[in-house]
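Everything on this sheet refers to the single structure shown next.
In this note's numbering, the protein residues as written are 718 to 1061.
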């Protein structure tokens, strides 16, 4: 007896069903992976906003170093902001919120009887406001041979247009922009605190010459052994030793105590202290770059330069995560379709 077994080719694996399947799987994986990571970073920055360990980039730390070396010269202070630039304060956050409002309008249009083309017009502005900066940042990273979450997010947001899902791509841009804005807000809060600390000490002082005359100088030009006069109500600009006079000094910026401390000849006084009720002549013991105020600011900036352990882990994880997701997506979208001879 002869048995014949006939195996029919499953219609599921026909080119008609496979057409676009791998592309959708590949990009769907790519898009979801990017979305989940972006949401995680957003939440991480949101809960980190009140953290005591903050981060500042290398450029700001380098600027602070120059500021210290100049003797806290106000003209090159990294804290200064011209009035013409005040409008740009929190600009990225404002842009992200405005884009979110636009996206809400897009979804309203999508689920009503309004012409959907209006929604596409509105979402194009979101890609303009947030997409263009994202592209520029991604190109800068690629120029430096870096593949990170910024590159991954940008690719996912713009490739979403190919899946006819521009609204989802815009949402991804908004989430990433909000995450970046929160991180900038953290840096700005600390920058403002340091700015207020820096403004405690004046940038000029009256130097007492050998002939008894007074000359006003910038604190960066005052050297050790110079003598300066501090009148009642004035703030001590530099660390020094009292050589004449007696007064009470408010050192709340150092000790946190508002009770004045009595100072007499031979006592040390520190930059930022407020002379309450008498005139003092002090001999400078430390230049501006080494003053108490300067050392406090240096310690704060050094603490911010040191990233917390979880932040270092996220940076490393994001690098490998982005690379793996992009490679796998490339395989699904380009390599496998070539093997199965699928055309889109």
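Where a beta carbon is used, it is the ideal one built from N, C-alpha and C, also for glycine.
The alpha helix (DSSP H) enclosing residue i, as first and last residue numbers
i            : result
residue 971  : 969-972
residue 872  : 866-876
residue 1040 : 1026-1047
residue 1056 : 1053-1056
Which residues DSSP lists as bridging residue i, in chain order
i            : result
residue 997  : 947
residue 933  : 923
residue 965  : 979
residue 1009 : According to DSSP, residue 1009 bridges with nothing at all.
residue 952  : 991
Reference residue i; option with closest CA among the options
i            : options              : result
residue 893  : 814, 963, 916, 834   : 814
residue 938  : 961, 1004, 963, 889  : 1004
residue 979  : 995, 970, 988        : 995
residue 1009 : 956, 1045, 827, 884  : 956
residue 977  : 985, 965, 986        : 965
residue 993  : 1026, 949, 969       : 949
residue 1013 : 916, 810, 1050, 1047 : 916
residue 951  : 998, 913, 811        : 998
residue 970  : 960, 959, 918        : 918
residue 847  : 1053, 1026, 809, 879 : 809
residue 973  : 958, 891, 990, 983   : 990
residue 961  : 882, 1034, 1001      : 1001
DSSP state of residue i mapped onto helix, strand, coil
i            : result
residue 991  : strand
residue 1063 : Past the boundaries of the shown model lies residue 1063; the chain is included only from 718 to 1061, so the question cannot be answered.
residue 983  : coil
residue 902  : helix
residue 812  : helix
residue 829  : coil
residue 1018 : helix
residue 851  : helix
residue 1062 : Residue 1062 lies beyond the stretch modelled for the chain, which goes from 718 to 1061, so this question has no answer here.
residue 859  : helix
residue 725  : Only weak support exists for where residue 725 lies, its pLDDT of 40 falling under 50; the value from the coordinates is given anyway. Coil at residue 725, not helix or strand.
residue 879  : coil
residue 938  : helix
residue 1004 : coil
residue 818  : helix
residue 917  : coil
residue 1050 : helix
Endpoints, beta strand (DSSP E) assigned at residue i
i           : result
residue 960 : 957-961
Test: residue i CB closer than 8 Å to a CB of chain B
i           : result
residue 934 : Going by chain labels, chain B is absent from the structure shown, which holds only one protein chain.
Closer than 7 Å: residue i CB and nearest the ligand GTP heavy atom
i           : result
residue 905 : The ligand content of the structure shown is nil, which means the ligand GTP is not present either.
Practice prompt. Determine, using beta-carbon pairs with one atom in the stretch 912-927 and one in the stretch 944-953, whether at least three such pairs fall under 8 Å.
Written response: yes
Worksheet entry | Contact the stretch 1011-1022 vs the stretch 1033-1047: 3+ CB pairs below 8 Å | no
Fill in: Given 8 Å, three or more beta-carbon pairs between the stretch 820-837 and the stretch 852-859
no
Discussion item. Within 8 Å, do at least three Cβ pairs link the stretch 875-890 to the stretch 841-852?
Written reply: yes
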